[in-house]
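Asks: Residue numbers (my numbering): 179 to 605. Note that the Cβ used here is the ideal one computed from N, Cα and C, for glycine as well. Remember, predicted model here, so these are calculated numbers, not experimental data. Sharing a structure here in structure tokens format.
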């Protein structure tokens with residue numbers, strides 16, 4: 179059995195190619211339910227040719243979600259028993275997973291979780307929720323029928339109209355948000371691979387929301403909380419990679435050290451100079467000091483526009499540092515950790531790792547102390563086998579699409595691996 183419902187979320191999707199609008203559905207699994215999400219629109223795609231760069235926009239007025247029954251026929255039993263509460267709780271569960279991903283991976287700050295506060299004795303309230311969400315059911319996923327009608331309730335147009343007004347209390351239905359196609363792909367990736375929504379990401383998005391709402395004070399607080407979580411995670415991963423015992427890591431990275439010391443000293447010792455040059459660390463440190471003044475001395479945000487602009491700039495730089503540490507530096511540490519045994523076992527001089535934030539490609543340069551085709555074959559097999567565990571961090575990773583290796587000996591490239599094939603260049 180299948181349940182279908184709609185969330186009245188207003189989005190206008192922006193893409194550089196018209197064909198992108200053919201990819202507006204997502205299949206995902208959550209809590210053992212297969213789900214199918216699709217953006218709904220009745221409007222045409224509009225071409226926008228501002229600034230000599232053509233882009234395309236389409237307005238979407240609903241998110242349609244279909245839930246397929248699980249192996250225990252839970253939905254079918256709920257429907258047979260007319261268990262309104264359980265069905266609405268299931269819809270609420272799946273909805274909030276989607277809404278949280280849209281907010282935190284798509285940076286749609288107006289999209290938030292909702293809670294259906296149900297009064298067990300008020301059946302009319304239950305019916306209103308079913309109308310508001312336009313809940314339908316199907317036995318074969320082809321012909322859908324309104325669930326209230328299936329249960330034998332008569333149509334009530336007055337109540338149906340009233341239920342549309344309820345949506346204002348649960349969704350920002352009149353607050354349309356823009357969504358770039360790249361962000362849509364991040365949403366799709368997160369749902370399909372059941373990515374966790376971490377605390378640092380939640381605080382990060384909250385700080386963006388506070389900036390847009392002109393609440394700079396809260397933006398500062400939540401931006402530094404996000405930074406503190408990410409820096410702590412990164413430094414612990416780095417020290418673990420360097421074989422520092424856990425008890426010594428705990429002694430070094432703890433609340434008594436403070437985020438200021440971690441950023442001002444420990445990052446310089448653990449992150450390459452080329453990367454640190456990208457970040458204006460002094461501005462990040464100013465933001466940390468401002469947060470401390472706000473928390474401990476009740477400091478107020480200055481009213482002058484120029485000073486507020488400078489604080490927002492500090493927050494933005496902090497966001498860049500967070501992104502670099504979370505999606506780039508941590509990624510490189512994880513890859514190097516997975517390749518450590520290979521490097522030791524085959525006495526490899528060095529394995530240089532190159533990767534980019536929000537890019538699945540892994541580029542390795544393997545510097546050999548000695549050379550033979552047979553040795554390279556063994557090393558190549560070992561690297562591929564070791565990196566299979568990288569799917570714990572990026573579930574879409576596979577070596578045929580995203581892994582590139584060059585094998586170097588005496589300053590010459592002797593072999594390359596790409597598209598799943600190892601090719602020798604000395605033949």
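1. Do residue 207 and residue 372 have their CB atoms nearer than 9 Å?
2. Can you tell me where the beta strand (DSSP E) holding residue 224 begins and where it ends?
3. Can you tell me whether residue 570 is helix, strand or coil according to DSSP?
4. Entirely within the segment 503-535 and at least 4 residues each: give me those alpha helix (DSSP H) ranges in chain order.
5. Using beta-carbon positions only, say whether residue 399 and residue 498 come within less than 9 Å of one another.
6. Grab me the residues of residue 408's own chain with a C-beta within less than 6 Å of its C-beta, minus the 5 sequence neighbours each way, in chain order.
7. Count the CB pairs spanning the segment 410-419 and the segment 505-520 that are closer than 8 Å, and state whether there are at least three.
8. Alpha carbon to alpha carbon, what distance is there between residue 423 and residue 356?
9. In angstroms, rounded to a whole number, what distance separates the CA positions of residue 232 and residue 198?
10. Would you tell me roughly how many angstroms separate the C-alpha atoms of residue 276 and residue 319, rounded to the nearest one?
11. How far does the alpha helix (DSSP H) with residue 435 in it reach, from first residue to last?
12. According to DSSP, is residue 236 part of a helix, a strand, or is it coil?
13. Could you have a look at residue 457 and say whether DSSP puts it in helix, strand or coil?
14. With 16 as the cutoff for other CB atoms within 10 Å, does residue 240 come out buried or exposed?
15. Using a threshold of 8 Å, is the CB atom of residue 452 nearer than that to any non-hydrogen atom of the ligand FAD?
16. Where do the N-terminal and C-terminal ends of the alpha helix (DSSP H) with residue 377 fall, by residue?
17. Where do the N-terminal and C-terminal ends of the beta strand (DSSP E) with residue 583 fall, by residue?
18. Roughly how many whole angstroms lie between the Cα atoms of residue 572 and residue 303?
19. Between which two residues does the beta strand (DSSP E) holding residue 544 run?
20. Output needed for residue 560: all residues of its chain with C-beta closer than 6 Å, excluding positions within five of it in sequence on either side, in chain order.
21. Which residues in the same chain as residue 449 place their Cβ atom closer than 7 Å to its Cβ, once the five residues preceding and following it in sequence are excluded?
22. Assuming residue 458 and residue 495 make a contact with CB atoms under 8 Å, what is their CB distance in whole Å?
23. Going by CA-CA distance only, name the one from 563, 514, 582 and 330 that's closest to residue 541.
24. At the level of alpha carbons, what is the spacing between residue 569 and residue 575?
25. Using DSSP with H/G/I as helix, E/B as strand and the rest coil, what is residue 321?
26. Measure the alpha-carbon distance for residue 578 versus residue 598 and round it to whole angstroms.
27. Find out if the Cβ-Cβ distance for the pair residue 244, residue 253 is shorter than 9 Å.
28. Find out if the Cβ-Cβ distance for the pair residue 237, residue 354 is shorter than 9 Å.
29. Measuring CA to CA, which of 279, 224, 248 and 251 is closest to residue 215?
30. From 580, 393, 513 and 183, pick the residue whose C-alpha is nearest to that of residue 266; which is it?
31. Would you mind reading off the limits of the beta strand (DSSP E) that contains residue 180?
32. Quick one: Cα of residue 313 to Cα of residue 474, how far?
33. Restricting to Cα atoms, I'd like to know which of 329, 195, 426 and 584 is closest to residue 530.
34. Using the DSSP secondary-structure output, state which residues sit across from residue 315 in a beta bridge.
35. From the DSSP output, which residues share a beta bridge with residue 213?
36. Measure from the alpha carbon of residue 556 to the alpha carbon of each residue in 533, 263 and 526, then state which is nearest.
Replies: Short version:
1. yes
2. 224-226
3. helix
4. 508-523
5. Taking 9 Å as the Cβ cut-off, residue 399 and residue 498 do not qualify as a contacting pair.
6. 378, 500, 503 and 504
7. yes
8. 47 Å
9. Cα to Cα, the separation comes out at about 14 Å.
10. 21 Å
11. Segment: none, residue 435 is in no alpha helix (DSSP H) and carries neither H nor E.
12. strand
13. coil
14. By the neighbour-count criterion, in which 16 or more other beta carbons inside 10 Å mark a residue as buried, residue 240 falls on the buried side.
15. This structure lacks the ligand FAD; in fact it carries no ligand of any kind.
16. 377-390
17. Its beta strand (DSSP E) spans residues 581-587.
18. 43 Å
19. 540-545
20. 520
21. 507
22. 5 Å
23. 582
24. Answer to the nearest angstrom: the Cα atoms are 6 Å apart.
25. coil
26. 4 Å
27. no
28. yes
29. 279
30. 183
31. 180-185
32. 50 Å
33. 584
34. 181 and 323
35. 206 and 245
36. 526
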